[in-house]
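Peer 1: Heads up: the sequence shown begins at 1056 in the working numbering, then just goes up one per residue.
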Amino acid sequence: MSDNYRQETICIQSGWKPKNGEPRILPIYQSTTFKYDDSDQMGRLFDLEENGYFYTRLQNPTNDAVAAKITELEGGVAGMLTSSGQAANYYAIFNICEAGDHFVCSSTVYGGTFNLFGVTMKKMGIDCTFVDPDASEEEIGKAFRPNTKALFAETIANPALVVVDIEKFARIAHSHGVPLIMDNTFPTPINCQPFKWGADIVTHSTTKYMDGHAMCVGGCIVDSGNFDWTRYPDKFPGLTQPDESYHGIIYTERFGKGAYITKATAQVMRDLGSIQSPQNAFLLNVGLETLHLRVPRHCENAQKVAEFLNSHERVAWVNYAGLPDNPYHALAQKYMPKGTCGVISFGIKGTREETVAFMDRLKMIAIVTHVADARTCVLHPASHTHRQLNDEQLREAGVKPDLIRLSVGIEHVDDIIGDLRQALEQ
Ligand SMILES: *Cc1c(COP(=O)(O)O)cnc(C)c1O
1056 MSDNYRQETI CIQSGWKPKN GEPRILPIYQ STTFKYDDSD QMGRLFDLEE
1106 NGYFYTRLQN PTNDAVAAKI TELEGGVAGM LTSSGQAANY YAIFNICEAG
1156 DHFVCSSTVY GGTFNLFGVT MKKMGIDCTF VDPDASEEEI GKAFRPNTKA
1206 LFAETIANPA LVVVDIEKFA RIAHSHGVPL IMDNTFPTPI NCQPFKWGAD
1256 IVTHSTTKYM DGHAMCVGGC IVDSGNFDWT RYPDKFPGLT QPDESYHGII
1306 YTERFGKGAY ITKATAQVMR DLGSIQSPQN AFLLNVGLET LHLRVPRHCE
1356 NAQKVAEFLN SHERVAWVNY AGLPDNPYHA LAQKYMPKGT CGVISFGIKG
1406 TREETVAFMD RLKMIAIVTH VADARTCVLH PASHTHRQLN DEQLREAGVK
1456 PDLIRLSVGI EHVDDIIGDL RQALEQ
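1. Throw me the rounded Cβ distance for the N1335 and G1273 pair, which I believe falls under 8 Å.
2. State the Cα-Cα distance for the pair I1472 and I1080, rounded to the nearest angstrom.
3. Would G1377 and I1459 qualify as a contact pair, given that the criterion is a beta-carbon distance under 8 Å?
4. Within a Cβ cutoff of 6 Å, which residues of the same chain sit near P1244, ignoring the five residues on either side of it in sequence?
5. Can you find a heavy atom of ligand 1 that lies under 7 Å from the Cβ of D1238?
6. I1227: which of T1317, Y1287 and V1159 sits nearest, CA to CA?
7. Classify R1349 as buried or exposed, calling it buried when 16 or more other Cβ atoms lie within 10 Å of its own Cβ.
8. CB-CB under 6 Å to L1327, same chain, minus the five flanking residues each way: which ones, in chain order?
9. If I measure Cβ to Cβ from G1155 and keep anything under 7 Å in the same chain, skipping five residues before and after, which residues do I get?
10. For M1414, which residues from the same chain have a beta carbon less than 8 Å from its beta carbon, with the 5 sequence-adjacent residues on both sides left out?
11. Return helix, strand or coil for T1064, following the three-state DSSP convention.
12. Please report the distance separating the alpha-carbon of D1255 from that of I1236.
13. Here's the rule: buried if 16 or more other CB atoms are within 10 angstroms of the residue's CB, otherwise exposed. What is K1290?
14. Which one of T1345, V1257, V1174 and R1476 has the shortest CA to CA distance from C1183?
15. Spatial neighbours of G1107 within its chain, please: CB distance less than 6 Å, with the 5 preceding and 5 following residues excluded, ordered by chain position.
16. Go ahead and label E1209 buried or exposed: buried means 16 or more other beta carbons lie within 10 angstroms of its beta carbon, across all protein chains shown.
17. Does the stretch 1160-1172 come close enough to the stretch 1182-1200 that 3 or more CB-CB pairs lie under 8 Å?
18. Looking only at its own chain, which residues have a Cβ that is under 6 Å from the Cβ of L1338, when we skip the five neighbours before and after it?
19. Take A1212 as the anchor and find which of I1151, E1105, S1400 and S1230 has the nearest alpha-carbon.
20. Please return the same chain residues whose Cβ sits closer than 7 Å to the Cβ of M1391, not counting the five positions on each side in sequence.
21. Taking the beta carbon of H1302 as the centre, do at least 16 other beta carbons fall within 10 Å, making it buried, or is it exposed?
22. Going by the C-beta, is K1178 closer than 7 Å to any heavy atom of ligand 1?
23. If we ignore side chains and look at the alpha-carbon of each, how far apart do K1177 and I1304 end up?
24. Can you tell me where the alpha helix (DSSP H) holding E1104 begins and where it ends?
25. Could you check whether S1329 and A1142 sit closer than 8 Å to each other, using their CB atoms as the reference points?
26. Identify, in the order they occur along the chain, each residue of the same chain with its Cβ nearer than 7 Å to the Cβ of A1385, setting aside the five sequence neighbours on each side.
27. Distance, Cα to Cα, E1344 vs A1205?
28. Bridge partners for A1208 per DSSP, in chain order?
29. Leaving out the 5 sequence neighbours to the left and right, which residues in its chain are closer than 8 Å to Q1062 when beta-carbon positions are compared?
30. Whole angstroms is fine: what's the gap from I1065's alpha carbon to V1132's?
31. Taking only runs that begin and end inside the stretch 1238-1299, name each unbroken alpha helix (DSSP H) of 4 or more residues, in chain order.
32. Hey, N1115 and Y1084: beta-carbon distance below 8 Å or not?
33. Ordered along the chain, which non-local residues of its own chain (more than five positions away) have a Cβ less than 8 Å from that of P1297?
34. Just to check, is the beta-carbon of K1263 closer than 7 Å to a non-hydrogen atom of ligand 1?
35. Distance check for G1397 and H1467, CA to CA, integer angstroms please.
36. What number of angstroms, rounded off, separates the C-alpha of K1389 from the C-alpha of L1417?
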């Protein structure tokens, strides 16, 4: 938006811009298709010569308005919604990698991403090397090969809560001629805008804080437009050479800074089809309207809960970058000075059985496979989300066997602490 509005205003006003007499609120374009009066115009749309809608698998006005809002919040040039965060991360990589290619990824990423990259994409012939995000530039650089096409990391890892040194990662990626792709799900653009620190592409599981109410699974990819694909034409032929599946279009020539997202839409989404439903995009947009209010409250509550847990005798350890003695405190202060996120991890003294018993004693705080929504919830990754990983993989992912992931909601903080206290002290 040329008006340079602040994040709070973008959350409310951006995306849908009704013209005279149109609905004030973003309409749900609950339609698979769009009508045209003449066949030639439809042809031009198919050739990407004209902008317009023809089939919702490629583009839908409701989805586009919501993608535009997220794009603006991140400070990017183009974005697209996907049906899930998994689809967003898959497409973000697959848009520039094919069989025989390779990419490098932080080892502390979300378990679902770890599986997608390390197991499923490997079966497609795309190889991934996982690196310790705290290793030196030189050490991480050793993972790069001539066929490496991207570097990937999470700004705050789920659930390890490792804060990545974004500038370090950007330097490593760019010195090897590849883009830095960052999953910015946990801080959201309210707390961190990775493009400002050199990231090139950002992904989201909008399922989390963006939706914020645990209503819809969804994802998003945003491009900064900053990575110059044409500097490495041989490395990124999908963007710099004719696309035979699209009448020989060259995305970088025709679309400039929009090349990456146009290809992701016109080719990857066209063929793989993980589109977000317009109904879900509408609900996501309602969530986005209060993102700037909810995220600070999540952080404020999480800070108080982390301090409570940290001072409790039954608690063995607490991991929250808002605590001054946390190893990622300084990085968090630099990249997300307003706060990190509402997610805390901690362990209680005692056996694995006692951990489970503690969780079962919670009354208001529910055990659910979710994170980052309005309601406080807990999860034991080793027995739930990460149970497919062995002990060594768990350690690599920064997940201790006794780790409890606590997603602090926006209830009154004293009620959250009260529930934790009774479950700890029973
Ligand atoms: C949840 C999550 C994903 C996967 O997103 P889905 O919407 O569940 O598919 C990816 N990355 C991070 C950081 C997540 O927290």
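No residue lacks a Cβ here, since even glycine has one placed at the ideal position from N, Cα and C.
Peer 2: Taking the coordinates as given:
1. Contact annotation, N1335 with G1273: C-beta distance approximately 6 Å; criterion of less than 8 Å satisfied.
2. Taken atom to atom, the span from the alpha-carbon of I1472 to that of I1080 is near 38 Å.
3. For G1377 and I1459, no; Cβs fall outside 8 Å.
4. Contacts found: L1128 and E1129.
5. D1238 Cβ: within cutoff of ligand 1.
6. For I1227, the nearest C-alpha among the options comes from V1159.
7. Answer is buried; the Cβ neighbour count reaches 16.
8. In the same chain as L1327, and ignoring 5 residues on each side of it, no C-beta atom comes closer than 6 Å to its own.
9. Excluding residues within five positions, the ones whose Cβ falls inside 7 Å are G1180 and N1202.
10. Apart from the 5 residues on each side of it in sequence, M1414 sits with its Cβ closer than 8 Å to the Cβ of I1422, V1433, H1435, I1459 and A1478 in its chain, given in chain order.
11. Reduced to three states, the DSSP call for T1064 is helix.
12. Cα to Cα, the separation comes out at about 6 Å.
13. Burial call: buried.
14. Looking only at T1345, V1257, V1174 and R1476, the smallest Cα-Cα distance to C1183 is reached by V1174.
15. Closer than 6 Å at Cβ, skipping near neighbours: L1100.
16. It counts as buried.
17. Yes, they touch.
18. Close CB contacts of L1338 within its chain, under the 6 Å cut and outside five residues either way in sequence, are with M1270 and C1271 (chain order).
19. Comparing Cα positions, the closest option is S1400.
20. Counting only Cβ-Cβ distances below 7 Å, and skipping sequence neighbours, we find P1242, N1246 and C1247.
21. Here H1302 is exposed, its C-beta having fewer than 16 other C-beta atoms within 10 Å.
22. Look at K1178: its beta carbon is at least 7 Å from all of the heavy atoms in ligand 1.
23. In this structure, the alpha-carbon of K1177 lies about 29 Å from that of I1304.
24. E1104 -> no alpha helix (DSSP H), and no H or E assigned at all.
25. A1142 places its beta carbon less than 8 Å from that of S1329.
26. Excluding residues within five positions, none has a Cβ falling inside 7 Å.
27. Each residue's alpha carbon lies about 32 Å from the other.
28. In the DSSP output, where bridge partners are listed per residue, A1208 has M1237.
29. If we look at Q1062 and ignore the five residues flanking it on each side, its Cβ neighbours are L1128, P1244, I1245 and H1347.
30. It is roughly 15 Å from the alpha-carbon of I1065 to the alpha-carbon of V1132.
31. Under the rule that a run must span 4 or more residues, the alpha helix (DSSP H) segments found entirely inside the stretch 1238-1299 read 1243-1246 and 1292-1295.
32. Yes, the pair counts as a contact, with Cβ atoms nearer than the cut-off.
33. Excluding sequence neighbours, P1297 sits near G1303, I1304 and I1305.
34. Flag set: Cβ of K1263 near ligand 1.
35. One C-alpha to the other measures close to 14 Å.
36. A direct Cα-to-Cα measurement between K1389 and L1417 gives close to 35 Å.
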